[in-house]
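Undergrad: I have a structure I would like to understand better, so I am pasting it below and will then ask my questions one at a time.
Number of protein chains: 4
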Amino acid sequence: MIAVLRNGVTETQMENLITWLRSQNIDVHISKGAYQTVLGLIGDTTKIDIDLLSGLDIVESVMRVTEPFKSANRKFHPDDTVVTVGKGENAVKIGGGSFAIIAGPCSVESKEQIITVAKAVKASGATLLRGGAFKPRTSPYDFQGLRAEGLELLTEAKKVTGLPIVTEIMNADHIPLFEDVDLIQVGARNMQNFELLKELGKLKKPILLKRGLAATIKELLMSAEYIMAGGNENVILCERGIRSYDTYTRNVLDLSAIPVLRGLTHLPIIVDPSHATGVARLVKPMAMAATAAGADGLIIEVHNDPKNALCDGAQSLTPEQFDDVAKRVEEIRRIIAK
Amino acid sequence: MIAVLRNGVTETQMENLITWLRSQNIDVHISKGAYQTVLGLIGDTTKIDIDLLSGLDIVESVMRVTEPFKSANRKFHPDDTVVTVGKGENAVKIGGGSFAIIAGPCSVESKEQIITVAKAVKASGATLLRGGAFKPRTSPYDFQGLRAEGLELLTEAKKVTGLPIVTEIMNADHIPLFEDVDLIQVGARNMQNFELLKELGKLKKPILLKRGLAATIKELLMSAEYIMAGGNENVILCERGIRSYDTYTRNVLDLSAIPVLRGLTHLPIIVDPSHATGVARLVKPMAMAATAAGADGLIIEVHNDPKNALCDGAQSLTPEQFDDVAKRVEEIRRIIAK
Amino acid sequence: MIAVLRNGVTETQMENLITWLRSQNIDVHISKGAYQTVLGLIGDTTKIDIDLLSGLDIVESVMRVTEPFKSANRKFHPDDTVVTVGKGENAVKIGGGSFAIIAGPCSVESKEQIITVAKAVKASGATLLRGGAFKPRTSPYDFQGLRAEGLELLTEAKKVTGLPIVTEIMNADHIPLFEDVDLIQVGARNMQNFELLKELGKLKKPILLKRGLAATIKELLMSAEYIMAGGNENVILCERGIRSYDTYTRNVLDLSAIPVLRGLTHLPIIVDPSHATGVARLVKPMAMAATAAGADGLIIEVHNDPKNALCDGAQSLTPEQFDDVAKRVEEIRRIIAK
Amino acid sequence: MIAVLRNGVTETQMENLITWLRSQNIDVHISKGAYQTVLGLIGDTTKIDIDLLSGLDIVESVMRVTEPFKSANRKFHPDDTVVTVGKGENAVKIGGGSFAIIAGPCSVESKEQIITVAKAVKASGATLLRGGAFKPRTSPYDFQGLRAEGLELLTEAKKVTGLPIVTEIMNADHIPLFEDVDLIQVGARNMQNFELLKELGKLKKPILLKRGLAATIKELLMSAEYIMAGGNENVILCERGIRSYDTYTRNVLDLSAIPVLRGLTHLPIIVDPSHATGVARLVKPMAMAATAAGADGLIIEVHNDPKNALCDGAQSLTPEQFDDVAKRVEEIRRIIAK
């Protein structure tokens, strides 16, 4: 960590600061330039509060040299993490060269619906089934999901098709209901629900952590760190579009986040082109682009009857459209894997 | 709600859509132009999913004419809501011409600290005491607050000074611990933690709802709507800065949100200049500006020893600095109140 | 265009507005709902100032139903525009299924440098040569380009290799110097330099129009419209990353802009992965992703000696790296073109 | 400037880098930590291209310790700059405690209009007259201003009222036409039109430099630096709202930019609440807030007949509304000036 001091700082002020830093087990190197004195802070600076330090009168600015995340950091874990989702013969690997497509409806609506979609996406190559049971909706008047009943219907679809299931959790109190869920999703709106992250850190089950609506890459990694610090290292990151000033798409899908994250962390990275764009017509080109950019997987909304879907029909593909997307993605994968 | 149809839509396609809309109790007016056919949707369109509609192949775009929030909407409740916080002689009114300053440390650290700060801010004119017990921190390695113990220390400070207390909740399971808290704060990171909002909607206690890191004004009002739809109409909104591309301040304080919200809603609106800017030096001008823009109150961080504060010292004022800010704000209030 | 009137508007006020609109040759349909009266404006609304209308006291909001761009609008020109750059046997087509790679150094530095790079990128499959002569730099103290001399060196490289040349213009006064330039680039910072756009609209030469640092898709199309309204329909659009709140990459490359623009306009769309990311390591995955998303071409920085480049060395590829990128892009193109 | 090297850099690689830096007259301090080697670069680092350096394979990140602007930097010019606009008895000072209100119509439309408005705003306390002659409009089909004729009408209004005049320039070729203009405005869309800035740097006339649509504070100062580097130190900065993801206001007015800029630069800072919000109703609260935040002046749109204004009527005040705003601003000023 580097602290740049203001012009005109006295020796006494500087000595006081250094004494305080040393009391925090931080070693300090002093470098005096013509205009500016710079302190190099050496030691375990993850415990130094950068806001506090930069707020001191005598400090002009503070810059971190090392990232504040550890468990998620590729520097300390150079090899790719491969997360195994589900058990037995249907178990699916994600990361380290293993690519997976998660597909299914935005919301679980009925037994018939979820089983129909599950069979269709499996036939097209999906290896995991998604479906919303607890739904975070911007309006209290919108459909909130079938909740516990939705989880049961997902479990039935798993029994029929063998596909491991992925669904979103919104409340740590619901964890007992998620016993049959193979991959627990934390939605964008809960990416910094730290109380929830801590509880998920106590599980052994894999977690799919979606990037917040306007989260930085560092914040995404710090949220992964919350889960990992609790002992659960099975975290899969998901880019799902970030907020921008433009209104033609719901979000801007930040595909450069894939290679950037690849450099910073060993965790697998998947992409959600459905929520990112909010428009079915854009899912195919963005799914192909995400694959070409090196993603470890995709999560795509598919509905057998998008017009009558209870939520987010606008961005759902029909099973036929999904089949086409899956084929094109597979072709891109063959180039990438070379 | 207005739906613009794509060029080349057939009569049959349009009839199908209209039949479906009418089955949702929506009346439809058709307006055909030279290039475009436009449908006017009349009735209770809050239940129409705008994403679903705009995702249909035959629909080019959809625009809402009425806002999707009701309880929070000034159209249906023209008079300003005045929220009373605390009981008896120390009760404080916020909104409808009543202005309040909430002040106190970022984190409660010790009995001595919180009582010292509480007395100081009261002497300078603050009428409510803030202090963090449960702290949402970006890093799992940063100080997470004294939690339940912090709440007890706040209660002691209330006994000593009479100031009603304000503190943040991060988990609905903690509600029983908040019995003595007079105003429960929902932080920016939990603005769309809908499970939490629903539980707070069941209380009678006032809620201070902070705008999310990159939330739109409409999203803030929809989150207020979650609380109000549950029956709790005592909601105070708080602008605390929004995310931007610039790095000189932590956030951009969106003061135009005050008059914009004033037009849209009857709820009181306060401003947090401390978290918005992250820098003590900027708190005074922004507190004055927020007051001049018509805010119903301020929430300001004050610490007796900012350098040694366990969190966010950079943005805390000393009691002396706070006293100066409070005086200047009072002068601005006199102009506004004329 | 739709205008929603405020509650409580009198008949007289509404009549006055309608009379004024009709005097502008706009026909008006009135639709009265329970809460709201909505006016449908029919006719050539491109001349109605949306800001003026929405600013009237009696108007609550105004929404455009048709886009304000015409010449660039796919609705009125359904077929893809194919732009031909350069003359004779070295002419290159861009758009409508024809894909092109533009490559070369950020700045032209010397005769030897530009010819070396030109030969290298041609050997790897580039069909156009780029090179900066007039350079827009954020700091007045940074290298500003060789200016007129740079243009001469580009012309020499064209003579040697046959590659048509692409370079940026910053000032309409320089147009006479650009006679030998085959494709004139308007940089992101000048996307709304309307005086420059108007002058370029008088030329017959193709224009490469880069999206502004934080321009919306609509603004990009309106700037294309400025050029086209003058009579020059040879416009190629370029996505080059937009500003975001994150700092890990210089910009966020908005690849969903490709399919979105494809729907809105008939103009060709290329992508600049070098400026978007600012980091050489990210150019390859983003070039592949852009191609997979359906771009009509790429513009990539290549330098024979990136460490000593006078500008933007950080994002330049070596000729060997470029050769690898070009091969991978070609493989993706084969899938797309199926 | 600080350069953090990647792990695993060899001694030879580091030596090569240091040799190259020393050849650029930069002295280098080496600081080796357990995980990381950090280089401190000492000397005139304004000439080091930060993008180039951070792009080298062996460099992980680069951070500037000193700002890249000099002439505009308060560090080297601690006293506030006071800019004098106009001549003789009507000259107006801006900055260093002198506050000025610039008012007038968005566009000059006719002799009668500009003189009527000029007299009205003078009577209410404005000391400078604004009016657009050359208008940057997003659409080529919108009114582009009266151009040279508009400048003549402004000059006539100056003769009648004595008010110095302020108007926007869009093209360096027009400089000769601006001889009678007292303060030349560079609009947001031209903030990085560096060719124009360089030409304005050769004048002696004061320049009003508006912040770009999504410009950082540093970029604004670097654009001021372009003008000042040419020898013209009479630059006034203008905050006019920045782009955000919300759509309720046209821009977000960044009032914290005032105290932030105050710390970084000695140049005067004014605020444009009209363009920032785009809505007349928001101008008054934002004008008062800007004044309370410490601005050196305001620029406000006033029109005698906003409904029929040729552009931006939505955000123009009537003379009566302006009179009210000016009075309130004056009251706030009295508090600030204490």
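Chains as they are written, first to last, in this note's numbering: chain A, 35 to 372; chain B, 35 to 372; chain C, 35 to 372; chain D, 35 to 372.
Here a beta-carbon is modelled for each residue, glycine too, at the ideal position from N, C-alpha and C.
Could you work out which residues of chain B lie near residue 278/C, taking near to mean beta carbons separated by less than 8 Å?
TA: Under the 8 Å cutoff, chain B gives 279.
Undergrad: Using a Cβ cut-off of 7 Å, pull out every chain C residue sitting near residue 63/B, in sequence order please.
TA: Near residue 63/B (Cβ distances below 7 Å), the residues of chain C are 65.
Undergrad: CB residue 291/D to CB residue 307/D, shorter than 8 Å?
TA: Result no, Cβ atoms of residue 291/D and residue 307/D do not sit closer than 8 Å.
Undergrad: Does residue 348/C have its Cβ less than 8 Å from a Cβ in chain A?
TA: Chain A, which has no Cβ nearer than 8 Å to the Cβ of residue 348/C, makes this no.
Undergrad: Cβ atoms of residue 163/D and residue 129/D: under 8 Å apart, would you say?
TA: No.
Undergrad: Applying a beta-carbon distance threshold of less than 9 Å, which residues of chain B neighbour residue 41/C?
TA: Per Cβ cutoff of 9 Å: 109.
Undergrad: Helix, strand or coil: how does DSSP classify residue 137/D here?
TA: In the structure shown, residue 137/D sits in a strand (DSSP, three-state: E or B).
Undergrad: Given a limit of 7 Å on CB to CB distance, which residues of the region 215-242 of chain D reach chain C?
TA: So the close ones are 223, 224, 226, 227, 228 and 229.
Undergrad: Between which two residues does the beta strand (DSSP E) harbouring residue 37/C extend?
TA: Here the beta strand (DSSP E) through residue 37/C covers 36-39.
Undergrad: Please identify the residue among 243/A, 256/A, 85/A and 231/A whose C-alpha is closest to the C-alpha of residue 349/B.
TA: Nearest C-alpha to residue 349/B: 85/A.
Undergrad: Ignoring anything shorter than 4 residues, give me the alpha helix (DSSP H) runs that lie fully in the region 216-257 of chain A, in order along the chain.
TA: Runs of the alpha helix (DSSP H) inside the region 216-257 of chain A: 228-234.
Undergrad: Taking any Cβ of chain D, which residues in the region 193-217 of chain C have a Cβ under 9 Å from it, in chain order?
TA: Answer in chain order: 204, 205, 206, 207 and 208.
Undergrad: Quick one: which chain A residues come within Cβ less than 7 Å of residue 99/D?
TA: Within chain A, the residues near residue 99/D are 38, 70 and 72.
Undergrad: Run down chain B in chain order and give the residues with a C-beta less than 7 Å from the C-beta of residue 53/D.
TA: Going along chain B, no residue has its Cβ under 7 Å from residue 53/D, so there is no contact; the nearest lies around 33 Å.
Undergrad: For residue 273/B, which of helix, strand or coil comes out of DSSP?
TA: Three-state DSSP puts residue 273/B in a strand.
Undergrad: Does the region 278-288 of chain A come into contact with the region 298-315 of chain A, if we say contact requires no fewer than three beta-carbon pairs (one atom in each stretch) closer than 8 Å?
TA: The region 278-288 of chain A is in contact with the region 298-315 of chain A.
Undergrad: Below 8 Å on the Cβ atoms is my contact criterion, and I expect residue 204/D with residue 224/D to pass it. Report the Cβ-Cβ distance as a whole number of Å.
TA: Indeed they touch by this definition, with Cβ atoms about 6 Å apart.
Undergrad: Distance, Cα to Cα, residue 79/A vs residue 229/B?
TA: Each residue's Cα considered, the two are about 36 Å apart.
Undergrad: Name the one or two DSSP bridge partners that residue 172/D has.
TA: Answer is none; residue 172/D lacks a bridge partner.
Undergrad: Measuring alpha carbon to alpha carbon, tell me which of 93/B, 73/B and 261/B ends up nearest residue 40/B.
TA: Cα-wise, what sits closest to residue 40/B is 93/B.
Undergrad: Please state if the CB of residue 206/C and the CB of residue 331/C are separated by a distance shorter than 8 Å.
TA: Going by C-beta atoms, residue 331/C is not nearer than 8 Å to residue 206/C.
Undergrad: Check each candidate in 321/C, 372/C and 297/C and name the one with the smallest Cα separation from residue 113/C.
TA: Here the closest residue by C-alpha is 297/C.
Undergrad: Could you tell me whether any Cβ in chain A is nearer than 8 Å to the Cβ of residue 256/B?
TA: It does; some Cβ of chain A falls within 8 Å.
Undergrad: Between residue 282/B and chain A, is the shortest Cβ-Cβ distance under 8 Å, so that the two count as touching?
TA: False, the Cβ-Cβ gap to chain A never drops below 8 Å.
Undergrad: I'd like the list of long-range same chain contacts for residue 261/C, defined as Cβ closer than 6 Å, with 5 residues on each side in sequence excluded.
TA: Around residue 261/C: 231, 234, 235, 241 and 269.
Undergrad: Please identify, using Cβ separations under 8 Å, the residues of the region 290-315 of chain D that lie next to chain C, in order along the chain.
TA: So the list reads 312, 313 and 314, given in the order they occur along the chain.
Undergrad: According to the Cβ coordinates, are residue 185/D and residue 215/D closer than 8 Å?
TA: Closer than 8 Å, so yes.
Undergrad: Could you tell me the boundaries of the beta strand (DSSP E) in which residue 181/B lies?
TA: First-last for residue 181/B: undefined, no H or E at that position.
Undergrad: Against residue 44/D, what residues of chain C qualify as contacts under a CB-to-CB distance less than 7 Å, listed in chain order?
TA: Going along chain C, no residue has its Cβ under 7 Å from residue 44/D, so there is no contact; the nearest lies around 16 Å.
Undergrad: Would you tell me roughly how many angstroms separate the C-alpha atoms of residue 97/C and residue 218/D, rounded to the nearest one?
TA: One C-alpha to the other measures close to 35 Å.
Undergrad: For a contact meaning CB atoms closer than 7 Å, what does residue 287/C contact in chain A?
TA: Correct list: 289 and 290.
Undergrad: If we ignore side chains and look at the alpha-carbon of each, how far apart do residue 333/A and residue 136/A end up?
TA: Answer to the nearest angstrom: the Cα atoms are 5 Å apart.
Undergrad: Is there a Cβ of chain D sitting closer than 8 Å to that of residue 173/C, yes or no?
TA: It does; some Cβ of chain D falls within 8 Å.
Undergrad: Any C-beta of chain C sitting closer than 8 Å to the C-beta of residue 263/D?
TA: For residue 263/D, the answer is yes, since a Cβ of chain C falls inside 8 Å of its Cβ.
Undergrad: Residue 222/A to residue 247/A, Cα distance in whole Å?
TA: Approximately 6 Å between the Cα atoms of the pair.
Undergrad: Are there three or more Cβ pairs, one per stretch, closer than 8 Å when the region 163-172 of chain A is compared with the region 187-198 of chain A?
TA: With a cut-off of 8 Å, the region 187-198 of chain A and the region 163-172 of chain A count as touching, because enough Cβ pairs lie within range.
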